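Have a look at the structure below before the remarks.
Number of protein chains: 2
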Amino acid sequence: MQDVADAAGVSVGTVSNVLNHPAKVSPATAERVREAISRLGFVRNDAARSLVSGSTNSIGMVLADIENSLFIDMAHGAQDAARAVGQNLLLANTACDMTLQDNYLDLFDESRVTGVLLAPMEDSSAGIARIRSHGRQVVLLNYSPKPGTCCSVLVNNEHVGYLAARHLIDSGRTRLAYVAAHDDYQPVRDRRRGVRAAVEEAGPGVTLEEIDSGGLTTPYGHAVGQDLARRAPADLPDGLMVVTDELANAIIHELHAVAGIRVPDQVAVVGCENNRAAGAAAVPLTAVDMPGRMMGREAIRLLMDEVASGEQHRHATVVLEPELIVRASAPRSGVGVGTSSDRSRGAQS
Amino acid sequence: MQDVADAAGVSVGTVSNVLNHPAKVSPATAERVREAISRLGFVRNDAARSLVSGSTNSIGMVLADIENSLFIDMAHGAQDAARAVGQNLLLANTACDMTLQDNYLDLFDESRVTGVLLAPMEDSSAGIARIRSHGRQVVLLNYSPKPGTCCSVLVNNEHVGYLAARHLIDSGRTRLAYVAAHDDYQPVRDRRRGVRAAVEEAGPGVTLEEIDSGGLTTPYGHAVGQDLARRAPADLPDGLMVVTDELANAIIHELHAVAGIRVPDQVAVVGCENNRAAGAAAVPLTAVDMPGRMMGREAIRLLMDEVASGEQHRHATVVLEPELIVRASAPRSGVGVGTSSDRSRGAQS
DNA sequence: TAAGTGGATTGATGCGCTTCAATCGGTCGG
DNA sequence: CCGACCGATTGAAGCGCATCAATCCACTTA
Chain A
11 MQDVADAAGV SVGTVSNVLN HPAKVSPATA ERVREAISRL GFVRNDAARS
61 LVSGSTNSIG MVLADIENSL FIDMAHGAQD AARAVGQNLL LANTACDMTL
111 QDNYLDLFDE SRVTGVLLAP MEDSSAGIAR IRSHGRQVVL LNYSPKPGTC
161 CSVLVNNEHV GYLAARHLID SGRTRLAYVA AHDDYQPVRD RRRGVRAAVE
211 EAGPGVTLEE IDSGGLTTPY GHAVGQDLAR RAPADLPDGL MVVTDELANA
261 IIHELHAVAG IRVPDQVAVV GCENNRAAGA AAVPLTAVDM PGRMMGREAI
311 RLLMDEVASG EQHRHATVVL EPELIVRASA PRSGVGVGTS SDRSRGAQS
Chain B
11 MQDVADAAGV SVGTVSNVLN HPAKVSPATA ERVREAISRL GFVRNDAARS
61 LVSGSTNSIG MVLADIENSL FIDMAHGAQD AARAVGQNLL LANTACDMTL
111 QDNYLDLFDE SRVTGVLLAP MEDSSAGIAR IRSHGRQVVL LNYSPKPGTC
161 CSVLVNNEHV GYLAARHLID SGRTRLAYVA AHDDYQPVRD RRRGVRAAVE
211 EAGPGVTLEE IDSGGLTTPY GHAVGQDLAR RAPADLPDGL MVVTDELANA
261 IIHELHAVAG IRVPDQVAVV GCENNRAAGA AAVPLTAVDM PGRMMGREAI
311 RLLMDEVASG EQHRHATVVL EPELIVRASA PRSGVGVGTS SDRSRGAQS
C-alpha cells in the first residue's frame, strides 16, 4: 500500500480512502491512485482489513450434506439473500462428520465472519453454544435449537408427515405404512408425529404400520422394497409414506421395476423433500416439498437482523409450511395415474 | 490474548507458543494457559494470525454450478484431499455468473488463501491471470487453461464423446444423432469431436445427425424429445448420444413415458457425466462416467505441489479417462434390456 | 489585508497476533 | 564455588490496513 502511495505521490491514508471512501478523495487523485493500483497489481490484504475493522463481510454456511438437494437449495437461497445485503457466502460441507463440523464452525469463528448459518444433521448445541459464547451469531436451519439459544428457520416437519399421510388417506388408502430411520434426526421424528396424527384423525378404518429402514440411503430403500415385495399381496400396504425422496425412489424401483408391483395401483408412495430426482424418476414421485430456497433467504434475514440489532435482539424461529406436490406415484384419485400437477422444480421461487 | 496471558500469569509470547508450538512450553505452564483460554472463552483472531504469517490454511474452491453432481463430486474429492494435508476447503458457488465468479476469485485472493480451485463454465482466463499475477496459485478443473497459464485437471472429453458413440455403434446402431448445445463450453466441444471421430471411424454404414438442443437443462430436453417424437418412425435415429445426463433423461422421458417410443428398442440413449440421477431414472441411463472425486483430489495435489515447489514449479495437466457405465437405456446387445452392469455411484472411489 | 471556511490530504496510532533475540533461572562439570 | 550451558520465558517489533485528529491549501468574506 505504501508502494502504491509512493507511486501515486500520495499518502497511504489517501490510498485507503480511494478504496473505502472514494467520495472523500478528489477525482483526479483517485484516478491517479487507481492507476497505480492496477499498474502495481496491488491487492488489499483482507486479513489486515478485518483486523482493523474487527469484522468481515462474509457469512459462513456449514452444510451437513452437500449431496442433498435440499441443502443445495438452502445454499442457493442464502447466497442470493447474502449478495443482496453485500455479504459473501462461504460454503463448507461437513459430510455429516461432527468433527469436521466443529472444525468449520471454529474456522468461521476465528475468521470473524459476520455470522454463521448451520444446517446440521445432529444435535449441535455444543458447537453453537461455543461460538455464540464468543459473540458470534448463528442461525440454525432445518433443526430446532435448544429453546432460546439462537434463531432458526424450520419447516413444519410434523405437517410434512401429516400432509403425506393425509393425501394417501384422502385418496382412499387404508393400510398405510411409514418407512423411516434415524429417529435421532429431528425432522424425521417430527414427520413421524405428523403421520401418526393424520392416521389417528382418520379413525379405525385406517391402519398404520411403521417400518424401520435402518438408514436413509438408496441401499436401505432397496432392502425395504425387497422385503415388501416378498409379502403376500394381502399383507402389502396400499399406501406408503417414506421419510425421504431418495429412500422412496429406491423402494419404488424395487417394487415397480424389479418385483412388478404396480405403483400407484397396488401401492401408492409419497416421499418427503421433493428432491431433484423426485420428478424425474421412473414413477414420478408425489412428495411433500420443502421450500429450501426460501429457508436460505429467511436465514440470512434473521442473521442480519440479529447482527444489526445487537443487544436488544430476540431470537426468533421462522416456520415455513410444506406443500404437497402430486405426481404419479400417488395421484389424487384413489387408483391409476391422475392428472399430473407436476410443478417443475425449476420454477421454485 | 493479553487477558489470557495475565490470567495465566505468563506473557503473550507464551500464550502464542501454547497455541502454535506446544513443545516449547513446559507442560505445567501449557496447562495453566489452556485453562485460562477456555475460562475466558478466548478465540484467536485468524485475521491477525494470517496478517503476520502472510498466508492461511484454507483453500478456496469456486464452482460454477453447485447443482450439478459432477461439481459436488469434485468438491467432495477436494475436501478429502485438502483435509489430508491440513487445509480447510471453502466452497463458493457462482451459479454460472461470471461477475460472481470474479467476486469470489477476488475475495479468495484478498483473503490470501493457500490457493484456488476453479471449476468454471466459461473461459475464465482473465480472472485467472489477474489472481495469478498476484502470486496466487490456481488449478483449473474440467476446463483447459490457456497453455502454460496454470495447472489443470481434465477429463478426456473427446474420449467421453467417443465412448458414447462407439458404444452405440458396437451395439449395432447405425443412424446416430448427437444432441448438444453450448459449444462455447469447452467440454461440450470436445465431446462433439469425439463423437464425430467415432462415427468417421465406423465408415459409411453409420450416419450422424447433429441436433442443437439450445440449452442443457431439462426443458430443452423435453423440447428435443417432443421434436423427435413427432418424426416418422423411419426418420427416427436409433442411437442418441446426449451431451449431458440431465438432457438425456429429459429426452428419454418425452420419448418413453410420453410418446411411447421404446427405449432402448427403438432408440438407445447414452448420456455423459453419470450424474446422481442417471441410475435412478425411469429407464436407467447408460452414461459415460466422469471421475469427479478423483478430479478433486488431483486438483488439490497439483495445487499443493505448486505451493511447495515455488519458483521451480512447472504447470501440469492431469487428464483422467472416462469410463462407460452400461445401463438399460443402451444395453450392450443391440436390442432389449441387456445385463445390468449398473455400478452403484456410491461405490465410486 | 487578515481572518475565516471547508474540502483534500496527511501520517501516527493501534488492531491481535507471531516471531525472535534477549533474558532468566536452574543444573552440571570442573 | 564459578562459569558454561540449556530449556523456559519474555516482550518488543512489525505484519498491512482503517481511522481520525491535525494540517494544508485555495478561496471567500469582512
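Going line by line, the protein sequences match chains A and B.
Heads up, the first sequence is in the numbering used here, so the first residue is 11 and it goes up one at a time.
Heads up, the second sequence is in the numbering used here, so the first residue is 11 and it goes up one at a time.
All C-beta atoms in this analysis are idealised placements derived from N, C-alpha and C, irrespective of residue type, glycine included.
All values derive from a computational prediction rather than experimental measurement.
On the premise that residue j lies in contact with residue i, defined as a C-beta separation below 8 Å, what is that separation, rounded to the nearest angstrom?
{"i": "A:I82", "j": "B:E77", "result": "6 Å"}
{"i": "B:A131", "j": "B:D75", "result": "For the record, residue 131 of chain B in the displayed sequence is Met; it is not Ala. Contact holds; Cβ gap of about 7 Å."}
{"i": "A:I261", "j": "A:V317", "result": "Not really, about 44 Å apart at Cβ, beyond 8 Å."}
{"i": "B:A233", "j": "A:A290", "result": "The pair is not a contact, with the Cβ atoms about 16 Å apart (cut-off 8 Å)."}
{"i": "B:L295", "j": "B:N259", "result": "6 Å"}
{"i": "B:L73", "j": "B:L101", "result": "6 Å"}
{"i": "B:H144", "j": "A:V165", "result": "Not really, about 43 Å apart at Cβ, beyond 8 Å."}
{"i": "B:V22", "j": "B:M11", "result": "5 Å"}
Would you say residue i and residue j are within 8 Å of each other, going by their C-beta atoms?
{"i": "A:V62", "j": "A:V43", "result": "no"}
{"i": "A:A8", "j": "A:V198", "result": "The requested residue 8 of chain A does not occur in the structure, where chain A is confined to residues 11 to 359."}
{"i": "B:L257", "j": "B:S223", "result": "yes"}
{"i": "A:L246", "j": "A:V277", "result": "yes"}
{"i": "B:N152", "j": "B:A129", "result": "yes"}
{"i": "A:N67", "j": "A:T109", "result": "no"}
{"i": "B:I138", "j": "B:C106", "result": "no"}
{"i": "A:V148", "j": "A:C282", "result": "no"}
{"i": "A:G87", "j": "A:G306", "result": "yes"}
{"i": "B:V293", "j": "B:S339", "result": "yes"}
{"i": "B:G235", "j": "B:L186", "result": "no"}
{"i": "B:R183", "j": "B:D248", "result": "yes"}
{"i": "A:A40", "j": "A:V14", "result": "no"}
{"i": "A:L117", "j": "A:V126", "result": "no"}
What's the gap between the Cα of residue i and the Cα of residue j?
{"i": "A:I69", "j": "A:L99", "result": "5 Å"}
{"i": "B:S342", "j": "B:G64", "result": "Contrary to the premise, residue 342 of chain B reads as Arg rather than Ser in this sequence. Looking at the two C-alpha atoms, the distance is approximately 56 Å."}
{"i": "A:H374", "j": "A:N103", "result": "With chain A covering 11 to 359 only, the question about residue 374 of chain A has no answer from this structure."}
{"i": "A:S60", "j": "B:I335", "result": "49 Å"}
{"i": "A:Q111", "j": "A:I141", "result": "12 Å"}
{"i": "A:M314", "j": "A:R146", "result": "12 Å"}
{"i": "A:G225", "j": "A:T254", "result": "10 Å"}
{"i": "B:G346", "j": "B:G213", "result": "Legend: pLDDT at B:G346 = 43, less than 50; position of this residue unreliable, no value from coordinates given."}
{"i": "A:P301", "j": "A:E308", "result": "11 Å"}
{"i": "B:L312", "j": "A:L50", "result": "28 Å"}
{"i": "B:T327", "j": "B:N55", "result": "37 Å"}
{"i": "B:A85", "j": "A:A239", "result": "38 Å"}
{"i": "B:G320", "j": "B:G158", "result": "16 Å"}
{"i": "A:S351", "j": "A:K34", "result": "Confidence in A:S351 is poor, its pLDDT being 43 and thus under 50, which makes the residue's placement too unreliable to answer from."}
{"i": "A:V280", "j": "A:A297", "result": "5 Å"}
{"i": "A:S359", "j": "A:V329", "result": "For A:S359, the predicted model reports a pLDDT of 40, less than 50, meaning its position is unreliable and no value from the coordinates is stated."}
{"i": "A:R303", "j": "B:Y195", "result": "27 Å"}
{"i": "B:D16", "j": "B:H31", "result": "19 Å"}
{"i": "A:H323", "j": "A:N284", "result": "34 Å"}
{"i": "A:G356", "j": "B:S79", "result": "Per-residue confidence for A:G356 stands at a pLDDT of 43, beneath the threshold of 50, marking its modelled position as unreliable; the derived number appears in the next sentence. Each residue's Cα considered, the two are about 16 Å apart."}
{"i": "A:A18", "j": "A:S36", "result": "13 Å"}
Could you list which residues in chain A have their beta carbon closer than 8 Å to that of residue i, in chain order?
{"i": "B:G51", "result": "S143, H144"}
{"i": "B:A292", "result": "A290, A291, A292, V293"}
{"i": "B:H263", "result": "A290"}
{"i": "B:L100", "result": "L100, L101, A102"}
{"i": "B:R122", "result": "N55, D56, A57"}
In chain B, what lies closer than 7 Å to residue i by C-beta?
{"i": "A:A58", "result": "L61"}
{"i": "A:A85", "result": "I76, N103"}
Residue i touches chain B at which residues, Cβ-Cβ below 9 Å?
{"i": "A:D112", "result": "The premise fails here: A:D112 is roughly 12 Å from chain B at the closest Cβ pair, so nothing lies under 9 Å."}
{"i": "A:D255", "result": "Per Cβ cutoff of 9 Å: no residues; A:D255 is ~10 Å from chain B at best."}
{"i": "A:D119", "result": "V53, D56"}
{"i": "A:I82", "result": "I76, E77, I82, N103"}
{"i": "A:L127", "result": "Within chain B, no residue comes near A:L127; the closest Cβ sits about 13 Å away, beyond 9 Å."}
Mind listing the chain B neighbours of residue i? Cutoff is C-beta to C-beta under 8 Å, in chain order.
{"i": "A:V89", "result": "In the sequence as presented, Val is not what sits at residue 89 of chain A; that position holds Gln. Within chain B, the residues near A:Q89 are N103, A105."}
{"i": "A:R286", "result": "E77, R286, A287"}
Using a C-beta to C-beta distance shorter than 7 Å, which residues of chain A count as neighbours of residue i?
{"i": "B:A259", "result": "Reading off the sequence, residue 259 of chain B comes out as Asn, not Ala. Simply A290."}
At 4 residues or longer, what runs of the alpha helix (DSSP H) sit wholly inside the segment 95 to 127 of chain A? The segment 95 to 127 of chain A contains these whole alpha helix (DSSP H) runs: 108 to 120.
Jot down the residue ranges of each uninterrupted beta strand (DSSP E) in the segment 254 to 340 of chain A, minimum 3 residues, whole runs only, in chain order. Within the segment 254 to 340 of chain A, the complete beta strand (DSSP E) runs of at least 3 residues are 278 to 283, 296 to 299, 327 to 330, 333 to 335.
What residue ranges within the segment 132 to 175 of chain B form continuous alpha helix (DSSP H) runs of no fewer than 4 residues, ordered along the chain? Here the runs fully enclosed are 135 to 143.
Which full runs of the beta strand (DSSP E) of 3+ residues lie inside the segment 209 to 254 of chain B, going along the chain? With a minimum length of 3 residues, the continuous beta strand (DSSP E) runs that stay inside the segment 209 to 254 of chain B are 217 to 222, 249 to 252.
With a floor of 4 residues, list each alpha helix (DSSP H) that falls wholly inside the segment 38 to 75 of chain B, ordered by position along the chain. The qualifying runs are 56 to 63.
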